[in-house]
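Notes follow once the structure below has been shown.
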Amino acid sequence: METKEILGNILKSPGTAAFSRIRYVGTLMSEEEQARFLKALFQAAVEARENGSLDGLASLLEEWEENGVALAGARARAPEVGATPWAPLRVPIEKAKFALVTTGGLYVEGQPPYETDGPQGLGDWSFRAIPRDTPRERIKIAHAHYDLSGPRQDINCVFPIDRFVELEREGVIGRLADTSYSFMGYIQRPDLLMSETAPEVARLLKADGVEAVLLSST
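Just so we're aligned, residue 149 is where the sequence shown starts under this note's numbering, counting upward by one.
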């Protein structure tokens, strides 16, 4: 087995939120850097046992996480963004048609899940339509970059659809649109998000007569 394959197997991330930062050691760093990380980790683990403290081990992981995040940031193709056009709400909130847009990685059972890391670790800039009448148990999550325990218990943590249905019923808003939208927020190609998928969602919202959007991030 080649060294690259061995290191890849050792440093392969399980795809959970706890590994969302340290995983860059295995995906973006050179073999030499990976070897240095494993040597430092080995030494820190032994010292932690001897000292009865995990502080040094935690500091080491944080240092390498920061290095990995910096590498990932350098690879991101972020376009320059000019001034945002001012878009005043032209109707009272109690008459406005709202939609939800989340970056929580939601999709409806039967739709293709997001590629949580995507091609070459660049993420996934596609979107999914979420009809308001979707049974809540059919709304799934594909995202490896935040703690999913909350939304798995209550999807309203990241996609407050039931709260907006209540606001509609109470007359606080005009109505909630029949369709809202989700992205998966790990996107290392924001240029493609801005040039392709975000404009498409904007067109769909406009065609549906949506007048206001609540963006919920993670």
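Quick reminder that beta carbons are idealized off the backbone N, C-alpha and C, glycines included.
My output table needs one value for residue i: the three-state DSSP class, helix, strand or coil.
{"i": "Ala290", "result": "coil"}
{"i": "Pro279", "result": "strand"}
{"i": "Tyr172", "result": "helix"}
{"i": "Glu263", "result": "coil"}
{"i": "Thr151", "result": "helix"}
{"i": "Gly103", "result": "The requested residue 103 does not occur in the structure, where the chain is confined to residues 149 to 366."}
Given residue i, which residues of its chain have a CB within under 8 Å of its CB, disregarding the five upstream and five downstream residues?
{"i": "Pro261", "result": "Tyr255, Lys288, Ala290"}
Excluding the 5 residues preceding and the 5 following residue i in the sequence, name in chain order all residues of the same chain whose CB lies nearer than 7 Å to its CB.
{"i": "Pro299", "result": "Gly252, Ile289, Cys305, Val306"}
{"i": "Lys245", "result": "Gly322, Arg323, Ala325, Gly357, Val358, Glu359"}
{"i": "Arg169", "result": "Glu213, Gly216, Val217"}
Opposite residue i in the DSSP bridges: which residues?
{"i": "Gln268", "result": "For Gln268, which the question treats as bridged, DSSP gives no partner whatsoever."}
{"i": "Lys245", "result": "Arg323"}
{"i": "Ile335", "result": "Gly271"}
{"i": "Ser343", "result": "BP columns for Ser343 are empty, so no partner."}
{"i": "Ser328", "result": "Ile278"}
If you follow the beta strand (DSSP E) that residue i is part of, which residue opens it and which one closes it?
{"i": "Phe307", "result": "Per DSSP, Phe307 belongs to no beta strand (DSSP E) and is neither H nor E."}
{"i": "Ala166", "result": "It is not in any beta strand (DSSP E) - Ala166 carries neither H nor E in the DSSP assignment."}
Quick check on the DSSP output: the alpha helix (DSSP H) that includes residue i runs from which residue to which?
{"i": "Ser297", "result": "297 to 301"}
{"i": "Ser364", "result": "Element bounds for Ser364: not the alpha helix (DSSP H) but the beta strand (DSSP E), 360 to 364."}
{"i": "Leu352", "result": "346 to 355"}
With residue i and residue j assumed to form a contact (beta carbons below 8 Å), what rounded beta-carbon distance in angstroms separates them?
{"i": "Asp339", "j": "Pro227", "result": "5 Å"}
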